[in-house]
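Residue numbers (this note's numbering), protein chains in the order written: chain A, 1 to 468; chain B, 1001 to 1251.
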């Protein structure tokens, strides 16, 4: 059952912040000193400092990708951002030990309650570090690891180092390089062979401070035949100045493993959300990215799967909602690198007011492979004349033993449809909400129930806000 | 008063004036029919009364039991009790009939109140059975890919579920074969009662064999030019509209 408090979510839910005294503060702006400071307070080994410094130099060398994306990226001022803010490095294992201001934040967001109801484990990150991290005891006995990246690096270096940066190299793009230089927080998860988690693990990423950049780094390794669902949520207060969120998420699904990664992002309109997410799928492994992007000023996110082993399967299911002043630039990458690999991409975007949504897809199937399949569907819904949608598919298929299917559609909610619905007594916002919910309904069912209820409600509230 | 009353109504779309001082009163308990040639303004009348945003009212009044309809939003007019069965019902993909009607009923309740699901479905199924609609229809998207007959049945289903004080049926017979026409007419006839006024807009006399009106009005050039009993419809069927137009011009 869904309790009333779980239904009580909205776009303004995250719009509050506490004045917090931080014990650790790397100051304003980006420099080698900042990188050294972060590495030092985390007491990292020299190889990691070295890794970070190299990443910083890669970041500085790489140009902004404005040539193919949007000029709005130029408005990010790296010199005014704070790169590391934390109360401490050790997350608490119980909510009682979490400092009050941070605990109150997560209580307002409903996290402890969700944990009690349906989660196997929770990590709650407040600015740069996890304030709370805990998992059900029986999972620990089975050898499941679910900790923050700082702790993962320290306690499990043999697994961490083997996979860290292997799916997404530092130089993948300017923002993956930035993350590699200053990353902090994020989850480190290892699921031992054959262990199948019945309940999801959840992380919540909360930005509290103004002019702050959040750079979490998540690494999930599902060993042979294991199964895990990971859910992440995120919010930030509405500040006048812009906030940067730039995460790197790497997933590794070994032979026959299954990973589902669910994101419900509800950023305020001042957040630049520039995230790199990619998975590696070995033989007969399955990776699904289920992604919902609501809010932010600009989101650029293209979850990908490298289908490395025979019969591996990759999927991206995504919903993006671009309201006034927002640009959702999202998509998927499917790199087929073995025979009989299959991939499926279903993307639906909604543009409201002067909102803009773009779909970018990449599908690669080299000619020497046999029996590979890709299916891509992207549908866009425009709510009025000012809104905009673009589709940029890039499909490289060689050889004739593979199959690719691409379908795209654009539809519009017409004034006559709205009149028809209003004639039955529905208000304008409600009528639009019904149209939008109808448009994404089949995808919302892919989300876990607790999240799908929240999603529907978020969409309703976006619609209410868009009608004057 | 207990009537839908239109007095000297004038309306235009863009620069084009369409209604030129139309007057008509439909008391509760009566069925009125408006007939008239294409372009006489019949559908415009239906849309103006429903508050369609494309039309501008330039004069006159329209009241529903003393509440003025002019200047209200379409949803406010609907909730006051005016239902319009559309000539061309809109397709709304992804929104099921059941959810749509339920949302429309909920919109009539006080804030925070909701209709109960079990009772709602019982009621919905009973109305669907009356209209000979398969129950599978409830989960189909509203009018999406429906045949002409299915769309009109769906309009009548919505009308009977929303139980309006006044209903306007705009060219409900268009696109219907004779069987569908009978089912739809039966549905409307079941809704005839002393508490409801009905206005049937039609181009052809045929529909009025099934829904027998108390009064027939002839519309031409944006106003009512003649009013009579049901026999007037038969006369129009025989003689066409030209003689009435000529009479109107002559007077």
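For glycine and all other residues, C-beta sits at the position ideal for the given N, C-alpha and C. Since this is a predicted model, take the numbers as computed values, not measurements.
- In this structure, the beta-carbon distance from residue 343 of chain A to residue 392 of chain A does not fall below 8 Å.
- In terms of Cβ geometry, residue 163 of chain A and residue 232 of chain A do not form a close pair [threshold 8 Å].
- For residue 114 of chain A, the enclosing alpha helix (DSSP H) starts and ends at 111 to 118.
- By the Cβ neighbour-count rule, residue 60 of chain A is exposed, with fewer than 16 other Cβ atoms within 10 Å of its own.
- Residue state for residue 325 of chain A is assigned as coil, using DSSP reduced to three classes.
- Checking the DSSP bridge columns, you'll see residue 1068 of chain B partnered with B/1063.
- What residue 1104 of chain B touches in chain A, judged by beta-carbon distance under 7 Å, is 424, 425, 426, going in chain order.
- Near chain A, meaning a CB-to-CB distance below 9 Å, the residues of the stretch 1049 to 1076 of chain B are 1050, 1051, 1052, 1053, 1054, 1073, 1074, 1075, 1076.
- Taking every protein chain shown into account, the CB of residue 287 of chain A has 16 or more other CB atoms within 10 angstroms, so this residue is buried.
- With distances taken between CA atoms, residue 189 of chain A lies nearest to A/143 out of A/143, A/450, A/247.
- Considered as a whole, the stretch 1111 to 1138 of chain B harbours 1117 to 1130 as its complete alpha helix (DSSP H) runs of no fewer than 4 residues, in chain order.
- With fewer than 16 other beta carbons inside 10 angstroms of its own, residue 407 of chain A counts as exposed.
- Residues of the same chain with a CB within less than 6 Å of the CB of residue 1093 of chain B, apart from the 5 flanking positions on each side, are 1141, 1144 in chain order.
- Note that the C-beta distance between residue 314 of chain A and residue 360 of chain A is not below 8 Å.
- The residue among A/216, A/218, A/207, A/227 with its C-alpha nearest the C-alpha of residue 195 of chain A is A/227.
- DSSP places residue 134 of chain A inside the beta strand (DSSP E), whose first and last residues are 129 to 135.
- With a threshold of 16 other beta carbon atoms within 10 Å, residue 28 of chain A falls short and is exposed.
- One thing to note: residue 1115 of chain B has its Cβ no nearer than 8 Å to the Cβ of residue 1124 of chain B.
- Residue-level contact by beta carbon holds for residue 441 of chain A and chain B, with a gap shorter than 8 Å.
- Our two residues, residue 128 of chain A and residue 149 of chain A, have alpha carbons roughly 11 Å apart in a direct line.
- Taking the C-beta atoms as reference points, residue 1102 of chain B is found no nearer than 8 Å to residue 1079 of chain B.
- Comparing C-alpha distances from residue 153 of chain A to each of A/65, A/178, A/252, A/43 shows the shortest one belongs to A/43.
- A direct Cα-to-Cα measurement between residue 432 of chain A and residue 380 of chain A gives close to 15 Å.
- For residue 1037 of chain B, no CB of chain A lies under 8 Å from its own CB, so it is not counted at the interface with that chain.
- Around the C-beta of residue 335 of chain A, 16 or more other C-beta atoms lie within 10 Å, and the residue is accordingly described as buried.
- In this structure, residue 443 of chain A sits near residue 317 of chain A, with a CB-CB distance shorter than 8 Å.
- The beta carbon of residue 266 of chain A sits closer than 6 Å to those of 235, 294, 295, all from its chain and outside the five residues before and after it, given in chain order.
- In this structure, A/262 is the residue among A/262, A/244, A/302 with its C-alpha nearest to the C-alpha of residue 452 of chain A.
- In this structure, the straight-line span from the alpha carbon of residue 422 of chain A to that of residue 1064 of chain B is close to 18 Å.
- Membership of residue 442 of chain A in the alpha helix (DSSP H) is indicated by the continuous run 428 to 444.
- Taking 8 Å as the cut-off, the Cβ atoms of residue 320 of chain A and residue 279 of chain A do not count as close.
- If you draw a straight line from the Cα of residue 1241 of chain B to the Cα of residue 1220 of chain B, it is about 9 Å long.
- Using a CB distance below 7 Å, the part of the stretch 429 to 458 of chain A facing chain B consists of 430, 434, 435, 438, 439, 441, ordered along the chain.
- Per DSSP, residue 250 of chain A lies in no alpha helix (DSSP H); the unbroken beta strand (DSSP E) holding it starts and ends at 248 to 253.
- An exposed status is given to residue 400 of chain A, since fewer than 16 other beta-carbon atoms sit within 10 Å of its beta-carbon.
- Contact check for residue 1162 of chain B and residue 1131 of chain B: beta-carbon distance about 14 Å, past the 8 Å limit, so the pair fails to qualify.
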